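Respectively, the protein sequence lines represent chains X and U.
For the first sequence, our numbering assigns the number 926 to the initial residue and increments by one for each residue that follows.
For the second sequence, our numbering assigns the number 379 to the initial residue and increments by one for each residue that follows.
Each remark here refers to the structure printed beneath this line.
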Amino acid sequence: MGDSQYSFSLTTFSPSGKLVQIEHALQAVGSGQTSLGIKAANGVVVATEKKLPSILVDETSVQKIQLMTPNIGVVYSGMGPDSRVLVRKSRKQAQQYFRLYKEPIPITQLVRETAAVMQEFTQSGGVRPFGVSLLIAGYDDNGPQLYQVDPSGSYFSWKASAMGKNVSNAKTFLEKRYTEDMELEDAIHTAILTLKEGFEGQISGKNIEIGIIGADRKFRVLSSSEIDDYLAEVE
Amino acid sequence: MGRMTELPTKGGFSFDLCTRNDMLLKNGLQMPPFRKTGTTIVGLVFQDGVVLGADTRATEGPIVADKNCEKIHFMAPNIYCCGAGTAADTEAVTDMVSSQLQLHRYATGRESRVVTALTLLKSHLFSYQGHVSAALVLGGFDVTGPHLHTVYPHGSTDTLPFATMGSGSLAAMSVFESKYREGLTREEGIELVAEAICAGIFNDLGSGSNVDVCVITEGKTEYLRNYQLPNPRTYISSKGYTFVKGQTEVLSTKITSIQPKVEAVEGGDAMEE
Chain X
926 MGDSQYSFSL TTFSPSGKLV QIEHALQAVG SGQTSLGIKA ANGVVVATEK
976 KLPSILVDET SVQKIQLMTP NIGVVYSGMG PDSRVLVRKS RKQAQQYFRL
1026 YKEPIPITQL VRETAAVMQE FTQSGGVRPF GVSLLIAGYD DNGPQLYQVD
1076 PSGSYFSWKA SAMGKNVSNA KTFLEKRYTE DMELEDAIHT AILTLKEGFE
1126 GQISGKNIEI GIIGADRKFR VLSSSEIDDY LAEVE
Chain U
379 MGRMTELPTK GGFSFDLCTR NDMLLKNGLQ MPPFRKTGTT IVGLVFQDGV
429 VLGADTRATE GPIVADKNCE KIHFMAPNIY CCGAGTAADT EAVTDMVSSQ
479 LQLHRYATGR ESRVVTALTL LKSHLFSYQG HVSAALVLGG FDVTGPHLHT
529 VYPHGSTDTL PFATMGSGSL AAMSVFESKY REGLTREEGI ELVAEAICAG
579 IFNDLGSGSN VDVCVITEGK TEYLRNYQLP NPRTYISSKG YTFVKGQTEV
629 LSTKITSIQP KVEAVEGGDA MEE
């Protein structure tokens, strides 16, 4: 990549000091499907809309929430293919960390490395920034944690956050509903209610996805029937 | 626009140092002894899955380096691998393939298959042309059933109902050849594996100490570390030892006093800041 005639960065400063490409990337995220995450006292929940482009798409083949390690999961808002590339790189980095230190990678380390990759693509030659924001959720020796990583490569730890289309309403809703001593089960209900707020159409286990991790430190994606059970509880 | 950086190095193993090592050996250099696992490792297929077994002695030439090392390595929740040969090589290669299998599991969303581990191992070992001294017994249970393979340092593999590797392989194989039959039960399988490993422990100098067993069946793996301990320490005196002064013969005495080299002087000028 360094040798080619096109090895200059496509992301350059505007006179006002902004990186316009990153602003545009955030736009791409902002028009993506809503996703959110909530950190409870004993776990983390992440959730996202799963609106498929047509009823003909086989929804069982689509999974937006992915595992990076047995105890760290990730959800995105924005361009699906970009998130796949990041997840793939992060998985590899987690394995390399384990090979070197014989310790499962701490969440902060994995977030840092993922963010570093995203930043690289805002400065390297011939590439564009990633059109996704990620919510990374996990449970390690420092307890339950939730991080958001943006296309610029900046990351923040959140108690609860939302991204995508309905972000402002969702965040307002979360601000009202969030409590420090929330249990994981309450957090799941709150996540569903938050998604329901801006949802167009009938919400069901087939058009949303939920991932949870508790004190057992095993991240898992709920099945659509489990989601339907939670939806029934919430009604 | 000229080249800003040099070309990236081409991949592949560089054999330069191997030719240098051969030259040094010819000129009379004594190679330092590798820590080898000596070893008796075995595996067999029984009616519900596979049983793997290994001894626990690691040797460095004529010295026992580790009396209770672990030779049955984790590859995947449903696949384990026994390793004989150079300890560092078996550790490194099994760790590496285990890592690759985990990435593959995330990418495919499926349980790992034994043939996948087998192919990853043999391609790696072949590319190093036998210089990675790892002889392995790979066993596991996947969607296609129970599997048992042996992998040799040069990269060849066999698929077998029962297998032994390592310096104690002949002792262990004699047990298998006389007592193995198809359709063994779990208890019979474990007993036979333990017997074969004991044959290696007692008849081969490179193998010793304890018996490790690993049973892999559909959906369940049991790692029985130190399943048998046929070589317990029996000579520690519980009372301890007392040594009376004068018991050790003094051959000569030399006393050297340490003279002070630096003298502290009181007063003097204060240091300039």
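Beta carbons: idealized from backbone N, C-alpha and C, even for Gly.
Remember, it's a predicted structure, so these values are computed and weren't measured experimentally.
Check	Outcome
Cutoff 8 angstroms; reference R1037 of chain X; Cβ partners in own chain excluding five residues on either side	Y1080
Nearest to M1043 of chain X (by Cα), restricted to the options X:A1062, X:Q1021, X:Q1020 and X:Q1073	X:Q1073
Terminal residues of the alpha helix (DSSP H) in which D342 of chain U lies	As shown, chain U starts at 379 and ends at 651. That puts residue 342 of chain U outside it, with no answer to give.
Any alpha helix (DSSP H) of 4 or more consecutive residues that is wholly inside the segment 999-1050 of chain X	1005-1026 and 1032-1045
Proximal residues of chain X, C-beta to C-beta of D444 of chain U below 7 angstroms	The contacting residues do not exist; D444 of chain U stays about 17 angstroms from chain X at best.
Same chain only: Cβ atoms within 8 angstroms of A1040 of chain X, ignoring 5 sequence neighbours per side	V1074, G1078, S1079 and Y1080
Distance, S477 of chain U Cα to S941 of chain X Cα	46 angstroms
Any chain X beta carbon closer than 8 angstroms to S477 of chain U	yes
Residues that D467 of chain U contacts on chain A, provided the C-beta gap is smaller than 7 angstroms	Included in the structure are the protein chains X and U, with no chain A among them.
Which listed residue (X:D1111, X:S1129, X:K1090 and X:T1097) has its alpha carbon closest to that of Q958 of chain X	X:K1090
Beta-bridge partners of V510 of chain U, as assigned by DSSP	None, per the DSSP bridge assignment.
For A964 of chain X, the three-state DSSP class (helix, strand or coil)	Per the sequence shown, the amino acid found at residue 964 of chain X is Lys instead of Ala. Here K964 of chain X sits in strand by DSSP.
One or two residues paired with Y1072 of chain X in a DSSP bridge	X:I1061 and X:S1082
L992 of chain X: contacting residues in chain U (beta-carbon distance under 7 angstroms)	Y484
Y1026 of chain X classed as buried or exposed, judged by whether at least 16 other C-beta atoms fall within 10 angstroms	exposed
Where the segment 492-508 of chain U meets chain X: residues whose CB sits under 9 angstroms from a CB there	none
Within chain U, the residues that Q1020 of chain X reaches when beta carbons sit closer than 7 angstroms	S477, Q480 and L481
Segment limits, alpha helix (DSSP H) that includes I947 of chain X	V945 to G955
Under 7 angstroms (Cβ pairs) to chain U, residues found in the segment 966-977 of chain X	none
C-alpha gap between H527 of chain U and V428 of chain U, whole angstroms	11 angstroms
Same chain, Cβ closer than 7 angstroms to M379 of chain U, neighbours up to 5 away in sequence not counted	Since pLDDT at M379 of chain U reaches only 41, below the 50 mark, its modelled position is unreliable, and the value read off the structure follows with that caveat. Closer than 7 angstroms at Cβ, skipping near neighbours: no residue.
Extent of the continuous alpha helix (DSSP H) to which R564 of chain U belongs	R564 to N581
Proximal chain X residues relative to D473 of chain U, where beta-carbon distance stays under 8 angstroms	R1024
L1060 of chain X burial status per 10 Å Cβ neighbour count (16 or more: buried)	buried
Reduced DSSP secondary structure (H/G/I, E/B, other) of H451 of chain U	strand
Chain U residues whose Cβ lies nearer than 9 angstroms to that of R1016 of chain X	Q480, L481, Y484 and A485
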